[in-house]
Amino acid sequence: MISKNLNLIREKIEKTSLNSNRVSDSIRLVAVTKNVEVEKIREASSLGISDIGENRIQEARSKLDDLKSLNLCWHMVGHLQTNKVKYAVDIFEYIHSLDSIKLAEEIDRCSRIKNKYQKVFIEVNTSGEETKFGVSEDNIEAFVNRVVEFKQLDLMGFMTIAPFTDDKDVIRESFRKLRIIRDDMSKKLNRKLHLSMGMSDDFEIAIEEGADFIRLGRVIFGERE
0 MISKNLNLIR EKIEKTSLNS NRVSDSIRLV AVTKNVEVEK IREASSLGIS DIGENRIQEA
60 RSKLDDLKSL NLCWHMVGHL QTNKVKYAVD IFEYIHSLDS IKLAEEIDRC SRIKNKYQKV
120 FIEVNTSGEE TKFGVSEDNI EAFVNRVVEF KQLDLMGFMT IAPFTDDKDV IRESFRKLRI
180 IRDDMSKKLN RKLHLSMGMS DDFEIAIEEG ADFIRLGRVI FGERE
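Position 158 (the sequence shown) corresponds to 157 in numbering that gives the first Met the number 0; numbering is contiguous.
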């Protein structure tokens with residue numbers, strides 16, 4: 000099943016990239032493995048998956064030993080609490096959910112102890128939904144200016160989660176807003192910044208709008224508890 004699903008996903012990535020005048024190899028597929036058994040992660044790895052996304056620190060820690068023989072790059076894609084940062088810095092090459100200065104301070108502090116430059120994405124609430132985490136669009140420039148002051152943080156770009164809706168225009172607008180933010184801040188900082196956006200139901204729209212990292216779980220591994 001995983002092999003068939005990945006083949007279909009890769010075909011969609013290739014087709015969508017071609018239609019958007021993009022190179023499919025520039026898009027990183029992060030396989031989100033929340034509630035996925037290590038055997039299935041091993042299978043995905045054997046099929047070419049090297050980027051693994053986890054939502055919870057405890058679950059990631061429980062899988063690390065079993066998977067340490069594999070060449071995997073770990074991504075924190077869920078909300079991160081400040082009291083779990085020391086574990087996150089140990090495990091993850093990328094943190095996709097930086098959403099407060101307090102969290103940035105703690106990541107910077109723990110990274111300094113580990114002598115590590117931590118790659119981070121700033122999570123932006125482009126939908127305006129109160130139930131979502133993320134920095135508001137109005138505050139993003141001031142937030143970025145603070146984040147780049149932290150010596151141990153390597154700002155990779157921005158992340159968002161689209162609204163839970165069947166309205167593709169609403170989803171597209173959410174991704175487009177993030178692209179505009181990225182383009183604006185790339186110019187102001189004079190550096191290349193990336194977009195982490197797109198999940199199982201909307202990754203093709205995300206690619207059309209410029210996603211560099213897509214975070215897919217259910218379409219790879221099937222329904223989970």
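Ideal Cβ placement from N, Cα and C applies to all residues, glycine included. Remember, it's a predicted structure, so these values are computed and weren't measured experimentally.
Cβ neighbours of residue i in the same chain (closer than 6 Å, five flanking residues each side left out)
i, result
"residue 200", "none"
"residue 109", "84, 85, 88"
"residue 18", "none"
From the options, residue whose alpha carbon lies closest to that of residue i
i, options, result
"residue 92", "113, 189, 182", "113"
"residue 169", "179, 151, 204", "204"
"residue 96", "127, 132, 111, 110", "132"
"residue 47", "146, 158, 19, 72", "72"
"residue 166", "126, 158, 0, 104", "126"
"residue 64", "54, 80, 38, 76", "38"
"residue 5", "21, 45, 70", "45"
"residue 80", "104, 67, 111", "104"
"residue 76", "54, 130, 15", "54"
"residue 202", "9, 56, 102, 1", "9"
Contact set for residue i: own chain, Cβ-Cβ below 8 Å, skip 5 residues either direction
i, result
"residue 216", "30, 31, 32, 33, 35, 52, 198, 199, 223"
"residue 225", "The structure shown does not extend to residue 225, since the chain is modelled only from 0 through 224, so no value can be given for it."
Beta-carbon gap between residue i and residue j smaller than 8 Å
i, j, result
"residue 100", "residue 88", "no"
"residue 78", "residue 50", "no"
"residue 221", "residue 194", "no"
"residue 139", "residue 94", "no"
"residue 177", "residue 123", "yes"
"residue 90", "residue 59", "yes"
"residue 12", "residue 23", "yes"
"residue 184", "residue 159", "no"
"residue 69", "residue 41", "yes"
"residue 147", "residue 188", "yes"
Counted within 10 angstroms of its Cβ, other Cβ atoms place residue i as buried (16 or more) or exposed
i, result
"residue 164", "exposed"
"residue 161", "buried"
"residue 192", "buried"
"residue 98", "buried"
"residue 62", "buried"
"residue 7", "exposed"
"residue 214", "buried"
"residue 15", "buried"
7 Å Cβ shell around residue i - same chain, five flanking residues per side excluded
i, result
"residue 27", "50, 211, 212"
"residue 0", "221"
**Request:** Decide yes or no for the touch test of the segment 170-184 against the segment 193-208: beta carbon pairs closer than 8 Å, at least 3 of them.
**Result:** yes
### Message
When you compare the segment 115-125 with the segment 148-155, are there three or more beta-carbon pairs, one atom per stretch, that lie closer than 8 Å?
### Response
yes
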